[in-house]
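Protein chains: 2
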Amino acid sequence: MKIAMVGLGLIGGSAALDLRRAGFATRLVGVEANDAHARQALDLGLVDAVAPLEQAAAEADLVVLAVPVTAIAELLPRVLDVAGGTVTDMGSTKADIGRAVETHPQRHRYVAAHPMAGTEHSGPAAAHPGLFADKVAIVCDRERSGVEHLARVESMFRALGMRLTSMGAADHDLHVAYVSHLSHVSSFALATAVLAMEKDAGTIFDLASGGFASTVRLAKSSPAMWGPIFEQNADHVSAALAAYIAQLREFQHRLARRDFEGLESFMREANRIRPVLERIGRGPTS
Amino acid sequence: MKIAMVGLGLIGGSAALDLRRAGFATRLVGVEANDAHARQALDLGLVDAVAPLEQAAAEADLVVLAVPVTAIAELLPRVLDVAGGTVTDMGSTKADIGRAVETHPQRHRYVAAHPMAGTEHSGPAAAHPGLFADKVAIVCDRERSGVEHLARVESMFRALGMRLTSMGAADHDLHVAYVSHLSHVSSFALATAVLAMEKDAGTIFDLASGGFASTVRLAKSSPAMWGPIFEQNADHVSAALAAYIAQLREFQHRLARRDFEGLESFMREANRIRPVLERIGRGPTS
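Right under this line is the structure:
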């Protein structure tokens, strides 16, 4: 299958590697606004060629948009204008992107998707095989897509080794605000709080255990990718952040009252995340 | 050397394993209030025998307190009353514990220490070799300890493969509030916020990527260990938590104003944690 990969960073580059390895892609054409990244992607063998957006989109059996979510919302109508095949995306928000093509005559060619995979790194050099394996791909608003387009995109995610699930775009954006986007906010703010206090990086290094490194890891994430996600999912992220701050204030309140029984019961409640994390660690069982 | 290990959980059990392996401990006597844990520690071969506190402390060359920090503050004077050798501890706070023995006639036998190592697991079964290797051990208020006692404790941490650093107890408690204790609060509250929203654990499982698992991992930590830490370090943890909430509110404010430039610069500031984390990942260079 001829695939146009729009965006050759961590996500697009990793998908290109595995789609070729799986034999799903027979030809891969990249679209990349950053010339240095385009050259790097060619050098790394992520794609066979690079081409302008409209040309690549018109010639492909499947167009995959793997750029920041505001760019997806902007490019998707242009891609649908020229596409003769199937179009999908890998963005972390779904409602705004869906609205951008709601009345497009080719809407049925588009399958709204979100593979739940990534790392805190970015760019073509961060691409690596196996990024998507055993993770979940969410397909949204399936009823808006043509059956042959759904089948093609779902077989692509299966070729990446992913488990499929589906939900409405609005539900998707609500849940990912809590389970994914909020983790990033909490890490970014933990980093700025600690950096503001500890002017001497050596002190952080001396005192930081693996626990700190794990909690703050997502603070390394790309602002260019996450800015647009927070922009598109601002309302849900605001609500999730308010709920998080309310929990922290409850903790703070119990600490101020020296209510250590209350703090322990707060922590016992938090411990209920344990079986969920153990299930994530084990990977899919179905 | 004859060692009395007071507390046979993750920390005490792991230390026992490595001190024996390194040839530093020739005999290990455990003290453990929980009978099931005591039997388990014997079954696992963590210690040669278990004994009551005063007996074990009187007979040992080195007594190591590896119990929750409020228990350390309570047991330390009793141990110093009978000890003929050296006494140290592995608690995550130092000022309160130091105050408990400030005027004790045997204060010079005690070396206040905090090995920066641990996991979110607890109990004798969680003990494992190598837990302390390449981590930092902080020795506090060195001037209060006798030179031969300092030498003995520092050689113990070196036998565990640790790098040594030192600071005052008050400084220690301030810095660990930010770099260690705050990470735990942020994880506990992230878990309770997500669990309150997502009644269906299956949804968390479907949507959670490795990023969520990493950020929330510390929420699995033991309330029995962390309650006393928050109790003893309440003032510094309150200040750190207030600073963290202020950062989150700044993020929330920029989001509410749709100030996406401001959000990106917030994230770029957070990205400055990157070289620190890379240094932690690489381990000690000195």
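If you read the sequences in order, they're chains A and B. Residue numbers for the first sequence follow this note's numbering, beginning at 17 and rising by one. Residue numbers for the second sequence follow this note's numbering, beginning at 17 and rising by one. Positions of the beta carbon are idealized from the N, C-alpha and C atoms, including for glycine. Predicted model, so just to flag it, every value in this text is computed and none were measured.
Exercise. CA-CA distance, arginine 174/A and leucine 35/A?
Worked result: 10 Å
Exercise. Between lysine 110/B and chain A, is there a C-beta pair that is closer than 9 Å?
Worked result: no
For this session: Under 9 Å between beta-carbons, which chain A residues line up against arginine 274/B? List them in chain order, please.
Result: Glu247 and Ala250
Problem set entry | Among Pro131/A, Ser171/A and Asp187/A, the one whose alpha carbon lies nearest that of aspartate 157/A | Asp187/A
Exercise. Which whole-angstrom value is the C-beta distance of isoleucine 154/A and methionine 132/A, which I expect to be below 8 Å?
Worked result: 7 Å
Exercise. Of the residues Glu247/B, Phe246/B, Arg265/B and Ser254/B, which one's Cα is nearest the Cα of serine 254/A?
Worked result: Arg265/B
Problem set entry | arginine 125/B and alanine 99/B closer than 9 Å at C-beta | yes
Problem set entry | Top-ranked residue by Cα proximity to arginine 168/A, from Val152/A, Ala128/A and Ala149/A | Ala128/A
For this session: Measure from the C-beta of asparagine 50/B to each C-beta in chain A and report whether the shortest distance is under 9 Å.
Result: no
Problem set entry | Close-in-space but distant-in-sequence residues of the same chain around leucine 26/B (CB under 7 Å, 5 per side omitted) | Gly134, Thr135, His137, Ser138, Gly139, Ala142 and Ala143
Problem set entry | C-beta neighbour in chain E for leucine 176/B, strict 9 Å | No chain E is present in this structure, whose protein chains are A and B.
For this session: Answer yes or no: does any C-beta atom of chain B fall closer than 9 Å to that of isoleucine 154/A?
Result: yes
For this session: For glutamate 280/A, decide whether its Cβ has a neighbour in chain B, counting only Cβ atoms nearer than 9 Å.
Result: yes
For this session: Kindly give me the distance between the Cβ atoms of alanine 82/B and valine 45/B, rounded to whole angstroms, as I take these residues to be in contact under 8 Å.
Result: About 13 Å; that fails the 8 Å criterion.
For this session: Can you give me the start and stop residues for the beta strand (DSSP E) that isoleucine 19/A sits inside?
Result: 18 to 22
For this session: Taking only the alpha-carbon atoms, compute the straight-line gap between glycine 184/B and histidine 252/B and give it to the nearest angstrom.
Result: 15 Å
Problem set entry | the segment 52 to 61 of chain B touching the segment 275 to 294 of chain A, judged by at least three CB pairs closer than 8 Å | no
For this session: Note down, in chain order, all residues in the segment 209 to 228 of chain B with a beta-carbon under 8 Å from any beta-carbon belonging to chain A.
Result: Ala209, Val210, Leu211, Ala212, Met213, Glu214, Ala217, Thr219, Ile220, Phe221, Asp222, Leu223, Ala224, Ser225, Gly226, Gly227 and Phe228
Exercise. So, are the CB atoms of leucine 257/B and isoleucine 289/A less than 9 Å apart?
Worked result: no
Exercise. By DSSP, does aspartate 251/A sit in helix, in strand, or in coil?
Worked result: helix
Exercise. Would you say alanine 256/A faces chain B, with C-beta separation under 9 Å as the test?
Worked result: yes
Exercise. By the criterion of Cβ-Cβ separation under 8 Å, what are the contact partners of serine 196/A in chain B?
Worked result: Leu223, Ala224, Ser225, Gly227 and Phe228
For this session: For isoleucine 3/B, write down the residues that DSSP places opposite it in a beta bridge.
Result: Not covered by the structure: residue 3/B. The range shown for chain B is 17 to 302.
Exercise. Can you tell me the Cα-Cα spacing of glutamate 170/A and arginine 273/A, whole angstroms?
Worked result: 53 Å
For this session: Could you name the residues of chain A that phenylalanine 267/B contacts, counting a contact when the two beta carbons are closer than 8 Å?
Result: Val201, Phe204, Ala205 and Leu257
Exercise. Can you tell me the Cα-Cα spacing of valine 22/A and threonine 219/A, whole angstroms?
Worked result: 42 Å
Problem set entry | Residue-level contact to chain A via CB, histidine 144/B, 9 Å cutoff | no
Problem set entry | Reference alanine 310/B; option with closest CA among Pro84/B, Val85/B and Leu24/B | The structure shown does not extend to residue 310/B, since chain B is modelled only from 17 to 302, so the question has no answer here.
Exercise. Secondary structure at proline 93/B, three-state DSSP: helix, strand or coil?
Worked result: helix
For this session: Note down, in chain order, every chain A residue with its Cβ under 8 Å from the Cβ of threonine 181/B.
Result: Asp222
For this session: Please report how far the alpha carbon of arginine 43/A lies from the alpha carbon of proline 145/A, in whole angstroms.
Result: 17 Å
Exercise. For leucine 180/B, which beta-bridge partners are listed by DSSP?
Worked result: Ala153/B
Exercise. Is it the case that the Cβ atoms of glutamate 247/A and valine 85/A are separated by a distance below 9 Å?
Worked result: yes
For this session: Apply the 10 Å Cβ neighbour rule to lysine 215/A and answer buried if 16 or more other Cβ atoms are within range, or exposed otherwise.
Result: exposed
Exercise. Which whole-angstrom value describes the C-beta separation of leucine 78/B and glycine 101/B, a residue pair presumed to lie in contact below a C-beta threshold of 8 Å?
Worked result: 6 Å
Exercise. Between aspartate 150/B and alanine 38/B, what straight-line distance do the alpha-carbon atoms span, to the nearest angstrom?
Worked result: 15 Å
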